[in-house]
Amino acid sequence: MIKRTKYCGQISQEDLDKEVVLCGWVHRVRNHGGVVFIDLRDREGIVQVVVEELNSPSAYEVADKLGSEDVICIKGVVRRRPPGTENPRLKTGNFEVVANYVELINSAEPLPFPVNEETPISEEIKLKYRYLDLRRESMKENLLFRHRAYQIIRKVFVENGFVEVETPFLTKSTPEGARDFIVPSRMHPGKFYALPQSPQLFKQILMVAGFDRYFQIARCLRDEDLRADRQPEFTQIDFEMSFVDEEDVIAITEQLIKTLFEELLGVEVKTPFERLSYQECMERFGTDKPDRRFGLELVELTDLFKNTEFKVFRDVIEKGGVIKAINFNLGELSRKDLDELTKFVQSLGAKGLAWIKVEKDKLTSPITKFLKEEEIKGILERTKAKPGDTILFSADKREMVYKILGNLRLHLAKLFNLQQKDRFDFLWVVDFPLMEWDEEEGRFVSLHHPFTSPREEDIPILQKALETEDLEERKRLVHSVRARAYDLVINGYEVGGGSIRIHRRDLQELVFKLLNISPLEAEEKFGFLLRALSFGAPPHGGLAIGLDRLLAIMRGLDSIRDVIAFPKTQKGICPLTGAPDYVSPKQLKEVHIKTVEYQ
Ligand code: ASP
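Numbering (our numbering), first residue to last: 7 to 605.
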């Protein structure tokens with residue numbers, strides 16, 4: 007093989023009439039009788055190679071037998087393409103290389119799917135032959151985009167005085183609300199490492215160590231059910247800062263996001279981003295990660311039905327529930343649509359879907375006959391409904407109404423194509439409650455993680471809550487405590503989240519107690535953190551951004567798998583390597599493990 011002198015995709019004016027050596031893959035090949043045209047491809051792009059039988063018979067003989075994705079090397083002279091044959095779709099489209107030498111380096115078997123066109127293929131096949139998939143233009147561009155993002159991330163952090171530090175993979179549990187992946191220890195029979203759900207505790211400890219500003223493009227591992235678009239391992243842009251408050255963390259995040267969007271997409275990003283409280287998000291969108299690219303906000307109606315005779319609504323209100331509605335004013339909803347929407351909300355646990363269709367001079371609805379005139383008037387006024395609109399109701403427990411209408415809103419957006427992919431809506435969600443009551447577990451759980459600081463002025467409430475015996479009163483008190491946390495939401499995705507942390511041992515212990523983590527358990531699990539906090543921990547805070555999701559949003563992709571080189575399937579399988587797989591009895595013995603089938 008002779009050594010290449012250039013990338014195929016870089017052939018340009020300066021190469022005119024010069025001899026070049028190119029190496030790459032046969033993207034396409036066609037024989038026009040006496041002349042073979044090869045589209046030769048490498049990472050940088052494609053160039054047309056011409057092999058003429060008359061002038062280079064031995065090169066022609068090789069070229070004539072080439073097939074898709076064969077690896078070849080050619081030598082030839084660059085010339086301008088004859089007028090009228092230029093290809094404006096190629097960067098090199100004004101030129102071609104007339105080859106006098108063609109060498110077949112390695113031939114390719116018939117392909118499981120074409121590389122030179124973007125025909126859809128099943129996820130399984132796509133990932134099994136990921137090396138072929140990554141040769142495709144779109145996937146290659148996704149990974150190169152990711153590579154450019156890394157450089158910008160590093161540049162922004164380094165310019166702002168952050169230090170890049172790697173934290174361990176083999177560690178103890180870091181609770182981010184998911185299940186740990188665990189690794190058996192060979193040298194310590196019966197003991198296990200946990201793979202990190204995030205570098206959370208290490209980055210806090212780096213602050214105690216005086217590093218002041220840390221960042222890492224970190225891999226995180228969470229053994230979650232892979233519903234939706236999740237991956238068991240994913241990447242975070244993780245950072246932490248000392249002697250700061252919320253504003254400092256928010257400012258650096260905005261600078262990073264702005265630079266990424268501007269430098270990678272040429273999209274102008276206005277800062278500061280808007281902020282909404284958790285409460286307002288829930289009330290208006292039914293979720294703490296609202297997609298605000300379209301309207302369809304939730305409208306509060308409960309007070310209109312205080313004295314209603316409509317039994318369904320009255321029962322809900324008597325049980326402390328609420329009534330809210332969405333006015334669908336972005337298109338006609340047919341009866342068939344309404345049936346489908348009813349099925350959709352039922353799948354979420356709603357009993358049904360009440361609706362009112364507003365027509366020119368009448369209302370069509372299964373519920374208006376139960377409503378008083380002033381109630382109907384109130385509904386129409388509040389929802390600002392006009393002819394052509396359809397009002398969709400949810401009456402249930404507050405959390406259920408949020409869930410149903412929040413999801414219905416998104417479902418309608420998908421149905422009516424309301425989520426423009428080239429529009430970006432940046433939002434901070436703030437003023438989260440510190441903890442919420444988990445019915446299933448019968449205890450309080452952190453909304454973010456247990457290391458998030460409450461607002462200074464709310465600390466006495468926590469103290470009081472701990473001293474209160476009455477559970478209902480305790481719930482009321484705890485729910486009123488606000489966290490110093492902030493989430494970055496883009497187009498309905500929680501792209502980042504972080505907080506100012508607890509930096510005092512006594513406060514951390516108090517929070518553990520409220521989370522029902524006993525002093526013994528706290529010592530066992532987080533003793534190292536508590537100790538660190540008692541050796542001069544500075545006030546600190548930080549944030550982590552889900553890099554895969556951020557890149558998918560930037561590139562208008564639905565799945566984060568498309569921005570990850572070697573992702574797993576929805577079932578957590580790597581079809582390329584076959585992981586996870588069985589290991590030999592010998593390996594199991596070494597790590598002191600016997601497998602048994604649990605029922
Ligand atoms: N460790 C957190 C997470 O992974 C982010 C943070 O609080 O910095 O969500």
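Cβ atoms here follow ideal geometry from the backbone N, Cα and C, with glycine treated the same way.
Identify which residue in Gly355, Ile397, Asp297 has its Cα closest to the Cα of Ile373. Ile397
Below 6 Å, is the gap between the Cβ of Ser204 and the nearest heavy atom of the ligand ASP? yes
One question on the structure: do Leu304 and Arg290 come within less than 7 Å of each other, judged by their Cβ atoms? yes
Could you have a look at Gly216 and say whether DSSP puts it in helix, strand or coil? Residue state for Gly216 is assigned as coil, using DSSP reduced to three classes.
Whole-angstrom C-beta distance between Phe168 and Phe101, which should lie under 8 Å: That belief does not hold up - the Cβ atoms of Phe101 and Phe168 are roughly 44 Å apart, past 8 Å.
When the Cα of Asn423 is compared with those of Glu445, Glu324, Gly301, which residue comes out closest? The residue with the shortest Cα to Cα distance from Asn423 is Gly301.
Minimum C-alpha distance to Tyr107 - residue among Arg136, Val26, Gly39, Glu500: When Arg136, Val26, Gly39, Glu500 are compared, the shortest CA-CA separation from Tyr107 is found for Val26.
Using the rule of at least 16 other Cβ atoms within 10 Å of the residue's Cβ for burial, across every protein chain shown, is Gly412 buried or exposed? buried
Helix, strand or coil for Gly358? Go by DSSP, reduced to three states. coil
Would you kindly work out how many angstroms separate the C-alpha atoms of Tyr284 and Pro439, rounded to a whole number? Cα-Cα distance, rounded: 8 Å.
Buried/exposed call for Asp444, threshold 16 Cβ in 10 Å: exposed
For Met288, which of helix, strand or coil comes out of DSSP? helix
Given Glu59 as reference, the closest of Gly51, Ile52, Val68 once Cα atoms are compared: Nearest C-alpha to Glu59: Val68.
Between which residues of its own chain and Phe399 is the CB-CB distance below 6 Å, once the five residues before and five after are set aside? Ala331, Ala360
Which residue comes first and which comes last in the alpha helix (DSSP H) that contains Ile467? 465 to 473
Proximity winner among Ile496, Ile382, Lys81, relative to Lys6 (alpha-carbon distances): Lying outside 7 to 605, the shown extent of the chain, residue 6 is not represented and no answer is given.
Relative to the C-alpha of Glu338, which residue among Ala471, Lys97, Lys363, Leu354 is closest? Lys363
Mind checking who Ala489 pairs with in its DSSP beta bridge? Pro460
Just the Cα atoms here: how many angstroms apart are Asp464 and Val487? Going from the Cα of Asp464 to the Cα of Val487 covers about 6 Å.
Let's see if you can read the secondary structure: which residues bound the alpha helix (DSSP H) around Phe198? It is not in any alpha helix (DSSP H) - Phe198 instead sits in the beta strand (DSSP E) that spans 198 to 200.
Would you call His153 buried or exposed, if buried means 16 or more other Cβ atoms sit within 10 Å of its Cβ? exposed
Rounding to the nearest angstrom, what Cα-Cα distance links His33 and Lys276 in this structure? 42 Å
Taking just the CA atoms, how far does Ala550 sit from Ala489? 17 Å
What I want to know is whether the C-beta of Leu549 ends up closer than 6 Å to one or more non-hydrogen atoms of the ligand ASP. yes
Do Val121 and Cys287 have their C-beta atoms within less than 7 Å of each other? No, the Cβ-Cβ distance between Val121 and Cys287 is not below 7 Å.
By alpha-carbon positions, which one of Ile329, Leu414, Glu405 ends up nearest to Thr348? Leu414
Any chance the CB of Glu182 is under 6 Å from a heavy atom of the ligand ASP? yes
Look at the alpha carbon of Tyr66 and the alpha carbon of Leu117, and state the distance between them as a whole number of angstroms. When rounded, the distance between both Cα atoms is 24 Å.
Which stretch, first to last residue, makes up the beta strand (DSSP E) that contains Ala538? Counting along the chain, Ala538 falls outside any beta strand (DSSP E), though it belongs to the alpha helix (DSSP H) covering 525 to 539.
What is the rounded straight-line gap between the Cα of Leu536 and the Cα of Leu150? 42 Å
As an exercise, report each continuous beta strand (DSSP E) stretch of at least 3 residues that is fully enclosed by the region 535 to 593, in chain order. 546 to 552
On the criterion of 16 or more Cβ atoms from any shown chain inside 10 Å, does Val589 qualify as buried, or is it exposed? exposed
Can you check the region 213 to 271 for any alpha helix (DSSP H) of at least 4 residues that lies completely inside it and give the ranges in chain order? DSSP runs (the alpha helix (DSSP H)) wholly in the region 213 to 271: 252 to 271.
Beta-carbon spacing of Leu386, Pro456 below 7 Å: no
Is the separation between the beta-carbon of Glu596 and that of Arg192 shorter than 7 Å? yes
If you count every other CB in all the chains shown that lies within 10 Å of the CB of Asp345, and 16 or more means buried, which is it? exposed
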